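Working notes for the structure below.
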Amino acid sequence: LILVLSGIALTEEVSAAMHTCRLLRLVRVGRIFAIVPALRLICSGLMATTIASCWAVSLLLLFAYVGALLCTDILGDYSDDLNMLYGHVLLSMLTHVKLALVEAW
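Numbering (this note's numbering), first residue to last: 150 to 254.
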């Protein structure tokens, strides 16, 4: 980084050496996970939480999409006020997500 900012052109050998140093730094961080079991437990918990959160968001979007299809078909052309909320599928989906997250109140 300092060499690039100072205007010195990096050769391929210097660039490869810097890349190797970065990889060694990652190995050192990985060794910390092996030494501290509590840190490994925290990271595995974070990964499990992330996976569960992704499934929850996927289900929310799936239900919002199905509801949006139904409401667009049923309420889309009913009146002008409802057309602003349920005129097409993306608007209906946005309305459903807002209602699910209690944002529209």
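Ideal Cβ placement from N, Cα and C applies to all residues, glycine included. Small disclaimer: the values here were computed from a predicted structure and weren't measured.
Going by C-alpha distance, which of Ser-207, Val-185 and Gly-216 is nearest Leu-248? The shortest C-alpha separation from Leu-248 is found at Gly-216.
At the level of alpha carbons, what is the spacing between Arg-174 and Thr-199? Each residue's alpha carbon lies about 25 Å from the other.
Residue range of the unbroken alpha helix (DSSP H) whose run includes Leu-190: For Leu-190, the enclosing alpha helix (DSSP H) starts and ends at 186-224.
Between the C-alpha atoms of Leu-112 and Ala-197, what's the straight-line distance to the nearest angstrom? This structure leaves residue 112 out entirely; the chain is present only between 150 and 254.
Could you name the residues of the same chain whose beta carbon sits closer than 7 Å to that of Thr-96, not counting the 5 residues immediately before and after it, in chain order? The first residue shown for the chain is 150 and the last is 254, placing residue 96 beyond what the model contains.
Is Thr-169 buried or exposed, if buried means 16 or more other CB atoms sit within 10 Å of its CB? Counting other Cβ atoms within 10 Å of its Cβ, Thr-169 stays below 16 and is therefore classed as exposed.
Taking only the alpha-carbon atoms, compute the straight-line gap between Ala-165 and Arg-180 and give it to the nearest angstrom. Their Cα atoms are separated by approximately 23 Å.
Leaving out five residues before and five after Leu-150 in sequence, what residues of the same chain have Cβ atoms less than 7 Å from its Cβ? Residue confidence is low: Leu-150 scores 49 on pLDDT, short of 50, so the model does not pin down where it sits. No coordinate-derived value is stated.
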